[in-house]
Structures are given as structure tokens and as C-alpha cells.
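>
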Amino acid sequence: MDFKVGDLAQLLQGEVLRTTENNILVKIGGKEHTLRLLKSGTNEFEFILDNTFHHARILQSGSAEVKLVIDGQPLTVKKHSKLTEVLEKASALGGVGGGDRNLTSQIPGRVVNISAKAGADVKKGDVIVVLESMKMQVAVKAHKDGNLKEIKVKQGASVARNDVLAVIE
Amino acid sequence: MDFKVGDLAQLLQGEVLRTTENNILVKIGGKEHTLRLLKSGTNEFEFILDNTFHHARILQSGSAEVKLVIDGQPLTVKKHSKLTEVLEKASALGGVGGGDRNLTSQIPGRVVNISAKAGADVKKGDVIVVLESMKMQVAVKAHKDGNLKEIKVKQGASVARNDVLAVIE
Amino acid sequence: MAMSKKITSILIANRGEIALRVIRACRELGIKSIAIYSDEDVRAVHVKRADEAYHVGPAAPAQSYLNMDKIVEIAKAAGADAIHPGYGFLSENENFPEMCDKNGMIFIGPTAKAMEITGDKMKCKAVMKKAHVPTVPGSDGIIEDVEKAADVANKAGYPVLLKSAFGGGGRGIRLANSEKQLRQEFEMASAESRAAFGKAALFVEKYLQRIRHIEFQLVRDSHGNGRHLFERECSIQRRHQKLIEMSPSPVVDQKTRDRIGEIAVRAAEAVDYLNAGTAEFLRDPEGNFYFIEINSRLQVEHPVTELVTGLDLVKLQIAIAQGEEIPFKQEDLKMNGCAIECRINAEDPFYEFAPSTGAVPNCNIPYGPGVRVDTYLYPGCTVSGYYDSLTAKLLAWGRNFDEARVRMRNALDEFTIDGINTTIPLYKTIMDESNFIKGDLSTDYLDRFKIFDKMNEDAKERAKGKASAAVASILLQSEFVKKGGAQPAAKPVSKWKMRGTG
Amino acid sequence: MAMSKKITSILIANRGEIALRVIRACRELGIKSIAIYSDEDVRAVHVKRADEAYHVGPAAPAQSYLNMDKIVEIAKAAGADAIHPGYGFLSENENFPEMCDKNGMIFIGPTAKAMEITGDKMKCKAVMKKAHVPTVPGSDGIIEDVEKAADVANKAGYPVLLKSAFGGGGRGIRLANSEKQLRQEFEMASAESRAAFGKAALFVEKYLQRIRHIEFQLVRDSHGNGRHLFERECSIQRRHQKLIEMSPSPVVDQKTRDRIGEIAVRAAEAVDYLNAGTAEFLRDPEGNFYFIEINSRLQVEHPVTELVTGLDLVKLQIAIAQGEEIPFKQEDLKMNGCAIECRINAEDPFYEFAPSTGAVPNCNIPYGPGVRVDTYLYPGCTVSGYYDSLTAKLLAWGRNFDEARVRMRNALDEFTIDGINTTIPLYKTIMDESNFIKGDLSTDYLDRFKIFDKMNEDAKERAKGKASAAVASILLQSEFVKKGGAQPAAKPVSKWKMRGTG
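Chains as they are written, first to last, in the numbering used here: chain V, 3 to 171; chain H, 3 to 171; chain D, 770 to 1271; chain F, 770 to 1271.
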């Protein structure tokens, strides 16, 4: 399979060649590497790759994309195929990708201001709600153009991560 | 139930009086205490007892005796009843309590010396085998008087914790 | 007002790393430490480490760590004879020391009176001018007349700032480069102000460019002994929030240190200051220092000073609070090496410093030669959105700046915090950045040297270095799922033996 | 032999905390760190932190960390241009520097020649006497004649020890309080020796009572510059194993420090010493110092010296190894405060220090003001029985002994290591013990003041204080089983809500 790591232009082809008692032989980007597995779980792996230790934590694993933290470094790896050519935008604060009608909060916080009115037409990037967390104010912006059907929160309310704040259609 | 904590002469009577939403009311040694549970698992508990935090890890839990580490302090608590009057000796290094014929190792190590001969009569406390671990030599002594039926290890062998080193009958 | 009551128990009216810091000082002194906790902090580390811990209220600060009545009530019930406010929360609320006093408890900090003066910038400035402490040139108070404004501006020298008395946080500030521009801006600003507040009220202040933020740690006892514990440079800031602090400052030599330090002590005397505090100065590129304010509390960055002086500021605070004299003279102090502090905030530097809260399933706190960490983090803890974003203070000491810097750089690599985003990547970039290494600092350092662009490049570079390992991880995961089935075991699979036979 | 090759990569021929210590120094210097690991150490922290890690062999030291051929082979394959031996293992094997040399690699430590002399006690003693370094009075070598023995004993003064050349580890040592006794014992010992080894060979040495073990840290470069970095007192020992080290010694004033330090430097010169080493002395109650040996390696307790001098000894070792001159003069050094180290060994102090090995599911490493930890422990690590029992070195620094002591006491409370027994409880008792506080130390400190009895009493006292909490835990557990059924969840039960409503 081909992998696109982060913003790197180059695609890396990766495959397992064979496994021996202690090691796994892999081929990545045309080069053979020896991999020694130290710890493995569903989402966490520790291994020595060509004499260097790595710790990987898989945050999200889909058929098209894997989000992981490797040695403290967050990375998104796209599994490359025709189907995944249409890539989702990286989910950004206060917005979600795709055609979802729900505007969700990416942070937990308290609603300190509602900046738009239900029923109004909004443009992507318009501030809908302002949240406060850790003594900071964070504007949650419309994730797409559309009509602001409903605002689901009230001033002063506490919202959790991923709570729906508003509906835009 | 009555509890004997460590070497304390006094027995402590303990019972749960009632549980409320946040707290548990317990009575220990005649005094009422408020207990707020922070974390609980099969073997690990964190709680605030009368405004002081405690961390407890239960190492062994039997019907007669509980071994635990509380705030880093190892403790043995005996549940007091007629049945438990016959207390087992605390298991000591190189010996096991009761009438067991097996002499086991309480530490992992390498056999550096065999100090007794199979077939010989031995007394409790006689050195049977000398192990080395962490660059230290540790004598494993007979756990009871008897005849040394068999020595199960050879000089230079590695033994794991709880391995049978010899049989005394 | 030289009390001399031996303190035997202290209630800590705070949370997080500073609560833990005070608990440690109490334990060293044999003083009982009494913690308070909100609903959000039941499992916080300060609850675990204190001798006693009392529930103070719901998560919201107003109902917990800002709830003076409740806190004093707990302190009385617990038999505390002193209260340490930490920083933030009630630490600079002048009503709090008064309330402690009324209830027969020692407030470990300045007097209400000193707090009142230092808390009012214009009043404080007036006191300082009287005491010949240099302040930023400008008007002594509100100016309503354009002629007066022009007069002040001419004395201070252009460019100047016009600041609305009703503004704040950067709003209502206008820049004037000449008298002509001043007159225009003054009229416009006055009109605006009149329209909005019914009153024109403006200050005129010299506009200082490319300034450094340099502050002096102060201590003063109830016998009138004042000392400065050298400077800290805190120029690396984002939106007026300090990110990195260090001592010594790269631009302060011993002569300057003695001179400005003496001024700082004089500033403390001018307000009859008590206990630990900080005199903040701005320094312009010509080397002029301007007093701006006294922070009347122990500061976040106090460990920087502890590392270069060897003093324990919290223990010193407690000694002063119980009426003792400061046990050293100014000349006894010697700057030893260099210390740097990075504030590890739960904010995403790649996304406009958005707050990042939640569970921290695991973390690795760095240690080793020259490294100190003050933190409330532990594996399994939670970073709450109710309180500020400071999760840890990472400090590195070295015989000189460069040794401290490389130790910091390494410690940043060792510091891992799972589950949340932090400012660690930003500091990695800064520690390697040539202008930082040269000591070319100013409050606009981040913008001036395009540090965020560099940080993004560094992250990309690091990602590149991890590309093969990332692909290997994904291969491992799919192998793992293949061999282990849909529900793979949590332990290492035995198929791939962990230990070889040699 | 002043080499001057810039080192760019170092293979660390060791494991555990010292490997990690060297890795940190490498990272600060921008040097590639190359670790080796046995089968037992696959998941060890030094493997995780090094830039590269190579498998060296099976668990047994002879086949891994003592396997010179294999280690040099790896070093060559990995392109290492230097090897750091740490302490223990190959660090004092004079063949190793030679082998490194032959293979074109720098050995970070003394020359083979210096090692050879320091490794032979009698040879070293002869060299030292020549250099006017005071040694323990006694015979220069083997004595076969009783008249000569009596002569030496009279000069040294009674009591004296008769030591068999074939003995060792305390065996074959006889005490003589008078010449009469000496003559008797000499005959008996000679007969014994003759019977056992076919030869009578005895040393005579003055018997020193209530001695202190005080050592001086040395560094010497390839240009002949030698410095001492003050003393460490290591009198608290059990069976000749150091447990606690500190600097300064309570009985060494500046004058003594200068005087004995100068002797220590002279000792280093006498053997043309290179790199870091330690001159060990015994001090009798009259204040006489007697040189006993030079340890030709970096010592376990080197961080004590780092804390009071501010120097980084490993970085200094590397600088010296690449031919640099020591960058400071003797008079540049100043003793700053006090440092104490406790060796946290995986041994059960309540059970004759039996080794305690196995998995460490969790641990809390202390941190905060004045605390330093060098350790290989991390939550989830394993303490192996194949290697020595030192799991961590806990250090506390303070402006004076008492500040360091109370910080140590608190850090010992904060240090928890699940799954194994350690020497932590012993140190808690010692930190609170009046003779330790007074500085009344000697190598028989533990026996003299019945410290193990005190430790047992302290443990009982602590257990008493935890009695209610222990009962509460058991009540909780049975409630838990009752409510949760036979297989209770691992998470907090929701029935007992963790967070109240206020």
C-alpha cells in the first residue's frame, strides 16, 4: 500500500516482507528495514526500527487515514488509493469537514456570547458562538455557508467537546 | 468485623454505616469517619478519609488476611475470627510456611553453591542452596526439619521466583 | 506591625502546581499543609499531597477558589493559622488580607494597603515619581486639554501613545509620531470618548519600541529590610502573556543589576511593601529602564530566581510572614549560573493557542542534571477548562546561558504529555533559534523573527524524520489486527517474541 | 598523548541510570548516543532514549555488558568514535582502553597504565608513599618474619590488623592489641596460611576505629592539569556498600579541604591519571586522613559533586577525552550549599537486604525545588536480577545540610515504587535520626546507633498511623465486591459519584 505522511510530497510504499522470531522485515519507500517489536496493543506500539526506538500511539485509524503520535510528534498518514483522492479537510477548531449540518465545539467551555441569530444566512468563517475555556475566549466559526437553522446553546451554558452548538443547512 | 492491623495489639472494629451520593460513612474502632471515594478498582482505591487522602493497593486478599500497601506503607491486616487464630507464619525468604515439602526460591537468581547433599537429614535453617541475584549472594535455608529427598537445581542454573529448589520430607 | 507568631499550619487558597509548591515548602518546615479543592479537582495532585484537603465548592472559580467566605470558614474549621494565596485567584485582592486579619489568621503576602496602591497603576506611578523611581514618560493623570497633551508629548519625546481612560486591553490606543498628528488624534479620540462615555479622558505616554520586559524579584520584611534577588527577563510573550523567563537577562551586567535593583528596592519601600513581590520594568534599546508596576504576589516564574540564588522563596515568604527578619544582606547574594523557564501551557501553538483540555492518560516528566519541573500533571490526571492553561513549569539551570539552553532543549524532548496539545513544540523551536541564542529578545520577538513559521517548518522537518516509523506503525497495526483478530490482546503478542535467545 | 579529536558519537558500554546519564550529556553536546542492550533490557529506558540502540547479547553480563569483543564490534559497525564505560562492568578493566585504542576509538576514562596501578592496591600504595601521600600505616608488602611484623606494628601503633594475602572480603583478618598478641596471632595466621596455601604471607596494617569514609573527586586532563572537586563523605555503608553520600562532609572545613584536596591531586599526578576519578581516604577521629585507593572511573555518587560545584562531570569527561584542557582553575571552584544522595536499591531493608526484583507497574519519581533523580525506573519497567540493585539515585540540594536533609526527607515520601521493596524506609529513618542530623557519622553508623531497630520502630509507628485507612480500604474492597459482583469494573463505580453537585 502507498502512504502519504503529513505534508510530504513523496508517497511511501510500505509492506511487511517476513517475520522471524525476533524481528519483522519491512520494506518502506524502497528500503528494507528491520523492526523489533517491544510492545504492542490495539493503539500503542513500541519498536526498534533499524536500531532506533520509536513509540507510536494510534489516535484514529480509518480505512483512508490514520492519525497517530509518533515519538511525541502528531502525524496524519493517508492511505493512498483512488477512493481517498477526495480528502477530507483536516478538522479544524469549531468546524467539521464534509457536508455535516452540525456545528460542533472542538473544546469544552462556557458560552460567553452568541454572535449570530437563528434564521440568518451565514458564510463559512462567520463567528457563531464565543466560548471561554482556561480564561481564554475562543470564537467558533461557521464551518460552511448556509442558513443558521438553530442555535442549540444558551449564553452561560457549559458545553463539552463535540457538543452540537448550532445547525447550518 | 474485627481487624488486627500489623503488630498493633488493639483490634479495630470496622463497618460501613451508610453511603450517600458523595460520601460513605464508616465506623472504625468506635469512631465515625467520612470517606470520599476518588478511584476504585479491584485492587486499588483512592479515597479521602476525614480530609486526608489515601492510596491503597491490595496485594493479596484472603478470607483471613489482607496484604496491602497504603500510602507506600506495606501492611498486613488480619480479619479476626476463631478460624484465623491459627495464623500462618509470614512467608520468609527461601522458606514457605505450613507443611509443604517443597523448598522454593523467593527471589530469582543463579545457583552459585549447593550446600547440602541429597539424602541428608537437615534442620530448619540449614543452608541448602546459595543463590546470586543483583551481585548479591543469598542463602536459601531449609524451611523445616526433615530429610533432603532431592535437590532440584544444579550449580550455575538460573531459577525463577517460586521455583522448587529442593524437596524436604 | 512586626508580628512574630510561629506558623504551624497553612491553608493554601489555590490549586495546581503552585499549591503543590507551597505544600512542599510546608513539609520541609514541618508545617501542616491544608488544601482546598473544587469538584473539578477532587483527584488533583495537591489534594493527594497535602496533609489535609477540604472541599470548597463547585468547579467555577467564583464558587470555589475565589470564594473568600468559604475559604476563611474552612481555614478556621481546620485550625489554620496562616493562608497562602499562591498567584492568581485571591492573591492580589486587597480585601483578602483584611479578612484574614479580622479572623486572626496571617495572610502570607503584602498588606492590604500596599496591595491597594500597587493595584492602582496611576496612584502607584505617582508614588514612584515621588520616590525618584523612573517611570514611562507621559502625563501624571488624565488630560482633557490638547495643549497640555502636546506639552507632555514634547517633554516625553515622540512617538507617543494616546490611551483612553475607558479603554483597556489594547483598545482605544492611538499612536502619534508628531505634534501635528497628536493634535488630530487627540481631537478624534476625545470625540470618540465623549460619544461613548460622555467624557473625554486620555493619558499621554511615550511609545517605547522593541522593548524588553525585565523584572526584579523583591522581598521585604516587617522590620523594613528590603532586598532584590536580581532580575528575570520575560520578554518572550504572546499577547502580553509571558512564555519564557530567564535569569540573568542577556543585557543586564552587574553594574546595571546593582543600579536597577537598588531602584526596585526603593520602589518597594515607597509603598511599604511586605513579603515577596516583583518590580516590573520596560527596557528600551538604549538601555533605559522604566518602572511599570509592582506585582504584589509570588510570581509564576519565581523558580527562575530560586535556581540562580539558591533561595527558597516560599520558605522565605513564610519566614517573613511570621515576623522574621530576612536572614541575608544584599551583598551576600551572588548570581549563580543561568536559569530558563518555559511555561508548558495546555494550548495548541499550531492552532492559535486554542485551549486544550481533557484527560492525560500518560505523561513523562523530565528529570536529570539541572532540570526542575513544577507541575500538577501525573499519569491519569485531567487538565480542566475551568482554570488557567499552565500545566507545568519546566526549568533548566546551567553554569551559563548556553548550558541551560541545551538542557532545556533536551528536557523538552523528554517531556511528553499524552491527550492534550501543549506549547512544547514552540519552545523547541525557540531554544534552537539563532536570535534567541544571541539574546536578541524583545516583547515582539515572536512576530519579529517569524517564530511561528519556523515552528511549523520544524514540525514538518520532524514529521519527515518520522515518516518511515509512522508507516511502520501502521503496518504493525494491520499485522496486529490480522494476527490477533478483531479484538487483539492488550499485551505484546507472543508470536513476535519480545526476548530473543541471543 | 594529547589527542584532540572532536568526538561526534559515543557508544555507552553500560545500562541503567548511568547509561541514561551519559545519553543526556551526549544530547546536550550534540553527540550521537549509541546504546547497547541485553535480552533482559530490550524495554529499558536507555534503549528508548539513545539515538541508536544495538542488541549485545543474552542477559548474563559476561555475554553482554562484559563482552568486550562484541561491544567493540558494535561500536565499529555503528561508527562510534568513543566509548563511555560508565561504572562497574568494564569501567576498570585495563584491557578495555587498550582494545579501544587498537580499534581507533577513544576510551572515555583513564589510561590502561594508570588503571593497572590503581587496580593493584599494594603497587598503588608504594607509588603513593613515594609521592608523600599519607597511607594507612603498616607494612609495605608481604611480611614473612614475625620480628619484622612486630617492628612495623610498633611503628604504626597498636591495635593492628594482620591480613592474609590470600584472604579477602574480611576473611583471614586478625586483630592484635599488643605485641604479645601480635606474636601469637602471627604464628597462628602463618600456620593457617601455610596449611591452606603452602605459603605464609601476611600484611600488617594499623587498625583504624570509628573511621569516616571521605573521598575527593578528581579530574585530570591530557595536558597534566589536575583538579579536585572537593570531598564527598560516604561513611554510611552496609557491608562496605555505600548507601548515603554527601558533600560537604560535616568534619571537613575549607582548610582541610584545601590540604587533603591538594594531596588527592598529587595522588592523581603520581599515577599520571587521566579523566575523572576518585581518591578515597579514611579519616580517624583525630582528624588524620589516610589514602586508601583511587577509583579509576566515574562514580555512582558523582551527582553529589555536580550539585555543589555546578559542574557536569560527564560533559567534562568527554571534553577531557577529546584532548581539551580543563576549563577552570582550582581557585575558580567554590562549594555551593550541600547535597545528599540516597541510593535507592531494590533490596528489602526489613529482610537482610534481600534482592527484590520484578515488574514495577507504577512509580512516582519525586521532583520540585532542590531535588534531582537519576534513575532507570518508569511506570511499567522491570527491575532485573541479572544486574546490580541500584534502581535510582535520589539527590537533594540545599543551601545548608539541614535544608538538603529535609528536602531529602520529603522527596523520600514522594518517591513510590510499586512491586518491589527498596531501601527507601531506611533512609526515611536516617534523615530523621539525631546522630545523622548532628553529623556524627562513621562506617559503623548503622550498627553503632541501632538504625535497623529504629527503622522497624518507625515502620510500626507509620503503620499505626495508617490503621484506620487500612481498615477503610478493606471495607471499601468488600463493598466494591458486593456492589460490583465478582468481576468489578476497573473504573470508579458510578454508584458512588466522584463529583458532587456542590
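Virtual Cβ for every residue (Gly too), placed ideally from N, Cα, C.
Quick one: residues in its chain with C-beta nearer than 6 Å to the C-beta of Val816 (chain F), no 5 flanking neighbours on either side, listed in chain order?
Result list for Val816 (chain F): Ala804, Tyr806 and Ala822, in chain order.
> Alpha carbon to alpha carbon, how far is Asp808 (chain D) from Gly748 (chain D)? Give it in angstroms, no decimals.
Residue numbering for chain D in the displayed model covers 770 to 1271; residue 748 (chain D) lies beyond these limits and cannot be assessed.
> Answer yes or no: does any C-beta atom of chain D fall closer than 7 Å to that of Asn1064 (chain F)?
no
> If the cut is a Cβ gap below 9 Å, which residues of chain D does Lys41 (chain H) touch?
Arg812 and Gly1149
> Counting only beta-carbon atoms, is Phe55 (chain H) nearer than 7 Å to chain F?
Output row for Phe55 (chain H): interface = no.
> Step through the CB atoms of chain V and report whether any lies within less than 7 Å of the CB of Thr1185 (chain D).
yes
> Please list, in chain order, all residues of the same chain as Met868 (chain F) whose beta carbon is under 7 Å from its beta carbon, the five residues on each side excluded.
These residues qualify, in order along the chain: Met837 and Val841.
> Spatial neighbours of Arg979 (chain D) within its chain, please: CB distance less than 6 Å, with the 5 preceding and 5 following residues excluded, ordered by chain position.
Pro1054 and Ser1211
> Measuring only the C-alpha atoms, how far is Arg59 (chain V) from Ala1036 (chain D)?
Roughly 53 Å separates the two Cα atoms.
> Helix, strand or coil: which one does DSSP assign to Asn994 (chain D)?
coil
> Quick check on this structure: which residue in D:Tyr976, D:Ala934 and D:Lys801 has the alpha carbon closest to the alpha carbon of Leu1051 (chain D)?
D:Tyr976
> Does the distance from the CB of Glu171 (chain V) to the CB of Lys154 (chain V) come in under 7 Å?
no
> Does the Cβ of Ala1180 (chain D) have 16 or more other Cβ atoms within 10 Å, making it buried, or fewer, making it exposed?
buried
> Is the CB-CB distance between Ile30 (chain H) and Lys1235 (chain F) below 7 Å?
no
> Do Ile781 (chain F) and Ile800 (chain F) have their C-beta atoms closer together than 7 Å?
no
> Tell me which residues share the same chain as Ser117 (chain V) and place their Cβ nearer than 7 Å to its Cβ, disregarding the 5 neighbours each side in the sequence.
Val129, Ile130, Val131 and Val132
> Please state if the CB of Gln1091 (chain F) and the CB of Lys845 (chain F) are separated by a distance shorter than 7 Å.
no
> Under a CB-based cut-off of 7 Å, is Pro1054 (chain D) close to chain F?
no
> What are the partner residues of Gln1010 (chain D), as DSSP defines its beta bridges?
D:Arg1007
> Can you check which of these residues, F:Leu987, F:Met1224, F:Phe1249 and F:Phe955, is closest to Ile1063 (chain F) by C-alpha distance?
F:Leu987
> What three-state label does DSSP hand Ser135 (chain H) in the structure shown?
Here DSSP, grouped into helix, strand and coil, assigns Ser135 (chain H) to strand.
> Starting from Leu1085 (chain D) and walking both ways along the beta strand (DSSP E), at which residues does that stretch end?
Looking at the DSSP string, Leu1085 (chain D) is not in any beta strand (DSSP E); the run it does join, the alpha helix (DSSP H), is Leu1082 to Ala1090.
> Based on Cα-Cα distance, which residue from F:Glu974, F:Met897, F:Gly888 and F:Lys892 lies nearest to Tyr927 (chain F)?
Ranked by Cα distance from Tyr927 (chain F), the first of F:Glu974, F:Met897, F:Gly888 and F:Lys892 is F:Glu974.
> Look up His82 (chain H) in the DSSP assignment and give the residues it is bridged to.
DSSP lists H:Asp4 as partners of His82 (chain H).
> Going by beta-carbon coordinates alone, are Asp208 (chain H) and Ser107 (chain H) separated by less than 7 Å?
As shown, chain H starts at 3 and ends at 171. That puts residue 208 (chain H) outside it, with no answer to give.
> Measure the Cβ-Cβ separation of Gly1106 (chain F) and Gly1167 (chain F) and say whether it is below 7 Å.
yes
> Taking Phe1050 (chain F) as part of the alpha helix (DSSP H), name the residues at either end of that continuous run.
Careful: Phe1050 (chain F) lies outside any alpha helix (DSSP H), inside the beta strand (DSSP E) at Asn1044 to Arg1052.
> Who are the near neighbours of Asn872 (chain D) in its chain, counting only those whose CB is closer than 8 Å to its CB and skipping five residues on each side?
Val841, Ala844 and Lys845
> Is there a Cβ from chain H that is less than 7 Å from the Cβ of Val816 (chain D)?
Answer yes: the Cβ-Cβ gap between Val816 (chain D) and chain H drops below 7 Å somewhere.
> Using the beta-carbon of each residue, which ones in chain V are nearer than 9 Å to Ile1134 (chain D)?
The contacting residues do not exist; Ile1134 (chain D) stays about 13 Å from chain V at best.
> In chain D, which residues lie less than 7 Å from Glu1075 (chain F) when you measure between Cβ atoms?
Pro1138
> Please name the residue or residues paired with His57 (chain H) in a DSSP beta bridge.
H:Glu48
> Measuring alpha carbon to alpha carbon, tell me which of D:Ile792, D:Ser1203 and D:Leu931 ends up nearest Ala819 (chain D).
D:Ile792
> Residues in the same chain with beta-carbon distance under 7 Å from Ile26 (chain V), minus the five sequence neighbours each way, listed in chain order, please.
Val18, Leu37 and Leu39
> If you draw a straight line from the alpha carbon of Ile1206 (chain D) to that of His1009 (chain D), how long is it in whole angstroms?
22 Å
> Taking only beta carbons into account, state which residues of the region 822-842 of chain F come closer than 7 Å to chain V, listed in chain order.
Ala822 and Tyr823
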